[in-house]
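Encoded as structure tokens, the structure appears first; notes follow it.
Protein chains: 2
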Amino acid sequence: MKEVADLNSQDVILGILMMGSSTGYEIKNVFEDVYSHFYNASFGTIYPTLARMEKQGLITKEAIIQEGKPNKNVFTITEAGKQAFLAYMDSDIQENEWKSDFMVRLFLGEFVEPERIEVWMEMSIARMETKLAALLADQCKYQGQITPTQTICLKLGIEKFEGQLRVLRAELAAFRRLSAAKEL
Amino acid sequence: MKEVADLNSQDVILGILMMGSSTGYEIKNVFEDVYSHFYNASFGTIYPTLARMEKQGLITKEAIIQEGKPNKNVFTITEAGKQAFLAYMDSDIQENEWKSDFMVRLFLGEFVEPERIEVWMEMSIARMETKLAALLADQCKYQGQITPTQTICLKLGIEKFEGQLRVLRAELAAFRRLSAAKEL
DNA sequence: GCCCTCATGTAATTGGTTACATGATTGT
DNA sequence: ACAATCATGTAACCAATTACATGAGGGC
Chain A
613 MKEVADLNSQ DVILGILMMG SSTGYEIKNV FEDVYSHFYN ASFGTIYPTL ARMEKQGLIT
673 KEAIIQEGKP NKNVFTITEA GKQAFLAYMD SDIQENEWKS DFMVRLFLGE FVEPERIEVW
733 MEMSIARMET KLAALLADQC KYQGQITPTQ TICLKLGIEK FEGQLRVLRA ELAAFRRLSA
793 AKEL
Chain B
613 MKEVADLNSQ DVILGILMMG SSTGYEIKNV FEDVYSHFYN ASFGTIYPTL ARMEKQGLIT
673 KEAIIQEGKP NKNVFTITEA GKQAFLAYMD SDIQENEWKS DFMVRLFLGE FVEPERIEVW
733 MEMSIARMET KLAALLADQC KYQGQITPTQ TICLKLGIEK FEGQLRVLRA ELAAFRRLSA
793 AKEL
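Protein chains in written order, with this note's numbering: chain A, 613 to 796; chain B, 613 to 796.
Below is the structure:
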């Protein structure tokens with residue numbers, strides 16, 4: 613038996629449902645939008661989890677028949693679900709987990725040509741710029757209508773990308789100067 | 613069948629073994645030391661992976677009999693292993709994956725009392741301070757003997773924690789002012 | 001007496017991913 | 001024609017975690 617439950621999709625979905633009833637499809641959108649820089653889950657996780665939660669009585673399902681669009685199932689949290697959510701909020705906070713293929717490569721950079729490393733860094737910068745832009749857009753979009761703690765989340769995300777970009781840009785420039793100097 | 617292989621322990625272990633022969637126990641230490649802010653793996657992953665890799669001919673095992681200490685198995689990368697490593701380095705870089713229980717809670721902060729949020733933030737700050745201190749210590753310890761790209765990794769890690777700490781400290785102070793104002 | 005370091009390994013479980021399957025409607 | 005949006009779900013697979021098992025030596 614597992615002694616300390618770590619962060620799982622059920623708890624996060626419970627949290628999303630605390631903010632209002634929702635469908636599996638909408639939950640996926642939430643994960644891709646605001647949640648994207650601190651959690652994620654696929655349809656293959658969301659739908660079976662929702663089904664299990666309903667069986668456990670944590671949520672209820674209401675089928676909505678739509679015209680011109682596929683029917684959908686709206687899930688609502690129950691009293692038991694709210695208690696499960698509160699139990700999660702009461703549990704110890706698990707450590708952040710963070711896996712970066714880019715940083716693994718960078719760490720092993722000595723085994724590839726410098727040009728490759730430059731390309732990696734450029735790609736990484738481009739990816740982060742895209743994500744930063746998305747967060748900045750979110751900040752404008754949701755301005756005034758999100759809670760104070762949600763604002764902190766957003767700021768933390770923005771700072772993360774801005775900081776990484778700052779370092780990466782400076783290091784890429786330095787790296788290029790070094791390569792240029794070697795070629796002479 | 614999986615079309616795009618994502619970051620896995622085998623590739624990372626291959627990379628560690630490129631830097632020199634090592635035991636499972638030593639690899640675990642590497643994960644807990646320098647790698648800790650961008651990758652991690654437990655003994656339950658390391659030993660079975662090493663065994664599989666040996667069977668596949670990617671590495672060779674040499675048993676070392678020690679006195680006063682348990683015997684150990686030193687693994688060395690083979691030619692086939694080097695090729696597998698290079699194939700990994702040639703593959704597309706996977707997106708960073710990042711799950712933060714702390715940020716999930718923060719996002720759902722409206723459902724708990726403000727005092728709880730303060731405690732969470734304080735805890736998070738303390739944890740990050742510890743990790744930052746470790747990285748700063750690494751920077752001194754390995755100064756001059758790590759590769760340029762490894763230095764970038766270290767800087768990226770330091771910046772990450774410093775940035776998060778900056779935001780968190782400022783927001784905690786603001787949060788406290790808000791709470792104090794409400795109480796009057 | 002107790003815990004830490006050194007050192008390796010297995011077994012049970014599980015949480016999650018990818019790929020597949022289906023299908024109407026709307027926009028380019 | 002083609003792709004995207006809306007919408008739900010299953011099946012096969014697997015990578016990884018936790019807990020357990022073992023055991024000597026050194027420091028407190």
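Quick reminder that beta carbons are idealized off the backbone N, C-alpha and C, glycines included. Because the structure is a prediction, the values reported are computed rather than measured.
Enclosing beta strand (DSSP E) for residue i [first to last residue]
i, result
"A:Phe687", "Lys684 to Ile689"
"B:Glu709", "Glu709 to Lys711"
"B:Glu799", "Chain B is shown only over 613 to 796; residue 799 of chain B falls outside these bounds and no answer can be derived."
Residue i - DSSP class collapsed to helix/strand/coil
i, result
"A:Ser634", "strand"
"B:Gln706", "coil"
"A:Phe650", "coil"
"A:Asp618", "coil"
"B:Glu774", "helix"
"A:Gly680", "coil"
"B:Asp645", "coil"
"B:Gln695", "helix"
"A:Leu768", "helix"
"A:Leu796", "coil"
Contacts that residue i makes with chain B (C-beta to C-beta distance below 7 Å)
i, result
"A:Ile655", "At residue 655 of chain A the sequence reads Phe, which differs from the Ile that was named. The premise fails here: A:Phe655 is roughly 17 Å from chain B at the closest Cβ pair, so nothing lies under 7 Å."
"A:Gln762", "Phe719"
Contacts that residue i makes with chain B (C-beta to C-beta distance below 9 Å)
i, result
"A:Glu771", "Gly775, Gln776, Arg778 and Val779"
Range covered by the alpha helix (DSSP H) that runs through residue i
i, result
"A:Phe759", "Correcting the residue type first, residue 759 of chain A is Thr in the shown sequence and not Phe. Counting along the chain, A:Thr759 falls outside any alpha helix (DSSP H), and DSSP gives it neither H nor E."
"A:Ser736", "Pro726 to Lys753"
"B:Phe723", "Run containing B:Phe723: none; DSSP gives neither H nor E here."
"A:Leu662", "Phe655 to Lys667"
Chain A residues whose Cβ lies nearer than 9 Å to that of residue i
i, result
"B:Gly627", "Val716, Arg717, Phe719, Leu720 and Phe723"
"B:Tyr659", "The premise fails here: B:Tyr659 is roughly 20 Å from chain A at the closest Cβ pair, so nothing lies under 9 Å."
"B:Leu619", "Lys711, Ser712, Asp713 and Val716"
Per-residue contacts from residue i into chain A (C-beta, under 7 Å)
i, result
"B:Val624", "Val716"
Neighbour list for residue i in chain A, Cβ cutoff strictly below 8 Å
i, result
"B:Tyr651", "Lys711, Ser712, Met715 and Val716"
"B:Lys767", "Val779 and Glu783"
*Could you please tell me which residues of the stretch 706 to 733 of chain A, in chain order, have their CB closer than 7 Å to any CB of chain B?*
Gln706, Asn708, Glu709, Trp710, Lys711, Ser712, Asp713, Phe714, Met715, Val716, Arg717, Leu718, Phe719, Leu720, Gly721, Glu722, Phe723, Val724, Ile729 and Trp732
*Residues within the stretch 747 to 761 of chain B neighbouring chain A, beta-carbon criterion of under 8 Å*: Thr759, Pro760 and Thr761
*asked:* So if I threshold CB-CB distances at 7 Å, which residues from the stretch 663 to 674 of chain A count as touching chain B?
replied: none
_Tell me which residues of the stretch 670 to 703 of chain B have at least one Cβ-Cβ distance to chain A shorter than 7 Å, keeping chain order._
Met701
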